[in-house]
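Numbering (the numbering used here), first residue to last: 23 to 167. Below is one structure, written out as structure tokens, with a few remarks after it.
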């Protein structure tokens with residue numbers, strides 16, 4: 023068993039990962055470190071231009087969307103199955119979209135281009151099925167101390 027733990031530690035799996043600080047979607051020191059508000063922009067492009075993003079640390083991924091008010095609870099239940107939290111606000115609030123409720127879906131995760139793209143597609147599908155729209159995504163990490 024000790025040999026297995028040593029082998030796992032050698033490839034970066036083990037206790038060291040458990041000691042990393044955990045962040046919360048409500049941490050007050052979070053700052054936007056990467057964003058993509060253009061549907062045509064690849065997530066890999068957004069991540070490549072991000073100067074403040076630390077790929078080794080978890081981030082709060084936020085997707086901005088707007089859907090009709092009468093389906094917010096349904097969308098919240100669907101997203102909660104995968105640990106997403108749906109809250110009022112976000113970019114759609116600034117854009118004043120008529121007849122739609124501006125929302126932001128948040129979740130703590132490690133960022134990479136594949137998962138950002140997959141979640142963007144998922145949010146677009148959710149919004150479309152419920153008569154809404156998406157307005158891009160951004161990610162937050164703790165600011166420099």
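We treat Cβ as the ideally placed atom computed from N, Cα and C, and that holds for glycine.
Range covered by the alpha helix (DSSP H) that runs through residue i
i, result
"residue 100", "94 to 102"
Where the beta strand (DSSP E) through residue i begins and ends
i, result
"residue 156", "155 to 164"
"residue 58", "52 to 58"
"residue 123", "123 to 131"
"residue 47", "That residue, residue 47, is in no beta strand (DSSP E); it is neither H nor E in DSSP."
"residue 119", "Where residue 119 is concerned, there is no enclosing beta strand (DSSP E), given that its DSSP letter is neither H nor E."
"residue 86", "81 to 89"
Simplified DSSP state of residue i, which is helix, strand or coil
i, result
"residue 114", "helix"
"residue 137", "helix"
"residue 72", "coil"
"residue 64", "coil"
Neighbour-count burial assignment, residue i, 16 or more Cβ in a 10 Å radius
i, result
"residue 143", "exposed"
"residue 55", "buried"
"residue 158", "buried"
"residue 38", "Residue placement at residue 38 is flagged as unreliable, the pLDDT there being 47, under the threshold of 50; the coordinate-derived value follows with that caveat. Exposed: under 16 other Cβ atoms inside 10 Å."
"residue 117", "exposed"
Proximity to residue i [Cα-Cα], best of the options
i, options, result
"residue 155", "90, 165, 134, 140", "90"
"residue 141", "119, 101, 165", "101"
"residue 67", "134, 165, 145", "134"
"residue 93", "162, 148, 53, 158", "148"
"residue 125", "65, 95, 81", "95"
"residue 123", "75, 98, 165", "98"
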